[in-house]
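In this note's numbering, the protein residues as written are 15 to 194.
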């Protein structure tokens with residue numbers, strides 16, 4: 015998902031809602047010391063920061079922090095505002111006391127443990143979001159995984175990060191070889 019989102023011409027459908035139990039491993043994937051975060055390809059934001067950016071207010075986002083970020087990660091989101099649907103291909107932000115800039119957006123990953131009322135309708139995800147968002151419901155706890163218990167978090171994280179990075183590099187090479 016992350017690699018294909020990075021190469022997609024139109025990223026309108028590159029949204030993912032990962033609804034996972036508490037301690038499942040959302041931080042393991044997206045924190046700075048985690049799998050994707052440790053690769054340096056995650057920009058974490060809050061829904062409030064996104065709203066402020068679209069309203070033209072100063073935000074904590076900077077051009078430097080957004081360059082080369084393959085994943086825009088919104089953790090523990092509770093509501094879905096119309097601004098989130100505008101995160102298709104890019105986003106304009108205004109860092110405090112600096113000029114506005116436009117950041118390219120690729121994979122947009124929203125994580126939560128609870129249901130998000132605006133995302134759930136009679137048939138699951140509300141129609142307008144169903145066309146944009148992929149959905150994964152994950153159960154379990156990271157600390158219950160056998161290799162995690164046997165090797166510890168640091169070794170487990172480095173191992174998973176190394177594997178993910180290798181797979182992504184292979185996919186990138188294949189996509190580049192395909193040409194435009």
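Here a beta-carbon is modelled for each residue, glycine too, at the ideal position from N, C-alpha and C.
Source: prediction; values computed, not measured.
For residue i, name the three-state secondary structure that DSSP assigns.
i	result
residue 21	helix
residue 105	strand
residue 44	helix
residue 59	strand
residue 113	coil
residue 16	helix
residue 26	coil
residue 99	helix
For a quick check, are the C-beta atoms of residue i and residue j less than 8 Å apart?
i	j	result
residue 34	residue 28	no
residue 89	residue 58	yes
residue 84	residue 64	no
residue 74	residue 108	no
residue 31	residue 115	no
residue 94	residue 143	yes
residue 37	residue 157	yes
residue 61	residue 91	yes
residue 25	residue 120	yes
residue 42	residue 171	yes
Please classify residue i as buried or exposed, where buried requires at least 16 other C-beta atoms within 10 Å of its C-beta.
i	result
residue 7	The chain is shown from 15 up to 194; residue 7 falls before or after that span and cannot be answered.
residue 163	exposed
residue 112	exposed
residue 17	buried
residue 87	buried
residue 40	buried
residue 122	buried
residue 168	exposed
residue 177	exposed
residue 159	exposed
residue 175	buried
residue 66	buried
residue 49	buried
residue 189	exposed
residue 192	exposed
residue 166	exposed
Based on the DSSP secondary-structure assignment, which residues constitute the bridge partners of residue i?
i	result
residue 125	32, 89
residue 53	Paired residue(s): none; residue 53 is not in a bridge.
residue 118	104
Is there a C-beta anywhere in chain D that falls below 8 Å from the one on residue i?
i	result
residue 79	Within the model displayed, chain D is absent; a lone protein chain is all it includes.
If we require 4 or more residues per run, which alpha helix (DSSP H) segments fall completely within the stretch 62–90? 77–80
Mind listing, in chain order, the continuous beta strand (DSSP E) runs of no fewer than 3 residues lying wholly within the stretch 143–187? 147–152
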